[in-house]
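Residue numbers (the working numbering): 2 to 253. Here a beta-carbon is modelled for each residue, glycine too, at the ideal position from N, C-alpha and C.
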Ligand SMILES: Nc1ncnc2c1ncn2[C@@H]1O[C@H](COP(=O)(O)OP(=O)(O)OP(=O)(O)O)[C@@H](O)[C@H]1O
Ligand SMILES: [Mg+2]
């Protein structure tokens, strides 16, 4: 099977006023199969968010190439959904208003916009909150809105940058269960960055560990747990063993 998304020898540098040049990622290559859930972990600042921006087409590498279905990716695409490290909701727009924004930009007719947005609102479990404003929602609910907005074009690839990083442990566990449900329902290809190794092993088919900056793939762990998965798999011995093995590969 050919990969849906490929990164080949990516290099990104940033100008740093205090130093000569900051190399964020270098020689970073990976391939994601269609329908695969890939989790990416690594020390803070190793280039994970930079990698997702590259995979989304928002950032062009200085060297190397990202390909979607074998074609070079030169700009963002509708078929790639993106949830940023922060929810990035517009405070003056309601839940519905935030979710329909990508459709407004596309000039989709009002009625169809609303129908499609309400479908996503139901999918992420926010029925009854369509007319609420972001500041009236909890952190977990705001992340659901960001997820719904990313799902509005029914993306074949979903990029998630620590979507649950700011949530308390219980809410995070609920969101993990929700994401598992949505993944089983929609089966998109997912690339998710997370700081939580437990979350990575629970959700993913494969976990990649990045090296300290400049980020490149340091280790790879297939996750042989059957689907559909429930959150209680996290207490099984095999699960804990895998979490330990992944943790041992993360160096700061
Ligand atoms: N726009 C930018 N300008 C300058 N430097 C940047 C920029 N974006 C990222 N960097 C630098 O590139 C490196 C990688 O940043 P990145 O945000 O990709 O790390 P990360 O792995 O996502 O970190 P975290 O886990 O803390 O979110 C860091 O040293 C960061 O300071
Ligand atoms: Mg980041």
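Closer than 7 Å: residue i CB and nearest ligand 3 heavy atom
i, result
"residue 65", "For the structure depicted, ligand 3 is absent and the ligand set comprises only ligand 1 and ligand 2."
For residue j and residue i, believed in contact at Cβ under 8 Å, the rounded distance
i, j, result
"residue 217", "residue 28", "5 Å"
"residue 58", "residue 44", "Residue 58 to residue 44, Cβ: 26 Å. No contact."
"residue 160", "residue 83", "5 Å"
"residue 104", "residue 124", "Between residue 124 and residue 104 the Cβ distance is about 15 Å, and since that is not below 8 Å, they are no contact."
"residue 95", "residue 133", "6 Å"
"residue 33", "residue 6", "4 Å"
"residue 69", "residue 13", "Not really, about 18 Å apart at Cβ, beyond 8 Å."
"residue 189", "residue 212", "Incorrect: roughly 28 Å between the Cβ atoms, too far for contact."
Residue i - partner residues in DSSP beta bridges
i, result
"residue 7", "32 and 68"
"residue 73", "68"
"residue 42", "210"
"residue 26", "13 and 216"
"residue 82", "159"
"residue 221", "209"
"residue 191", "38 and 159"
Closest Cα partner of residue i within the set the options
i, options, result
"residue 47", "214, 250, 241 and 238", "214"
"residue 75", "186, 62, 87 and 86", "62"
"residue 253", "144, 210 and 128", "210"
"residue 177", "144, 190 and 157", "144"
"residue 81", "199, 55 and 234", "55"
"residue 115", "100, 107 and 106", "100"
"residue 162", "86, 42 and 72", "86"
"residue 183", "170, 149, 173 and 119", "149"
"residue 227", "219, 221 and 239", "239"
"residue 250", "219, 197 and 21", "219"
"residue 229", "221, 187 and 155", "187"
"residue 23", "7, 155 and 51", "51"
"residue 231", "221, 19, 128 and 181", "181"
"residue 93", "113, 128 and 136", "136"
Spatial neighbours of residue i in its chain, beta-carbon cut-off 6 Å, leaving aside the 5 residues before and after
i, result
"residue 9", "30, 65 and 66"
"residue 147", "84 and 88"
"residue 165", "173 and 176"
Nonlocal neighbours in the same chain, by C-beta distance under 7 Å from residue i, ignoring five residues either side
i, result
"residue 195", "40, 42, 163 and 201"
"residue 224", "202, 205, 206, 207, 208 and 243"
"residue 126", "145 and 179"
CB contact below 8 Å: residue i versus chain B
i, result
"residue 47", "Of the protein chains in this structure there is only one, and it is not chain B."
8 Å Cβ shell around residue i - same chain, five flanking residues per side excluded
i, result
"residue 121", "100, 149, 150, 152 and 153"
"residue 185", "228 and 229"
- Query: Relative to ligand 1, what is the chain-ordered list of residues with a Cβ closer than 5 Å to any of its non-hydrogen atoms?
  - Reply: 15, 25, 45, 46, 47, 48, 49, 50 and 51
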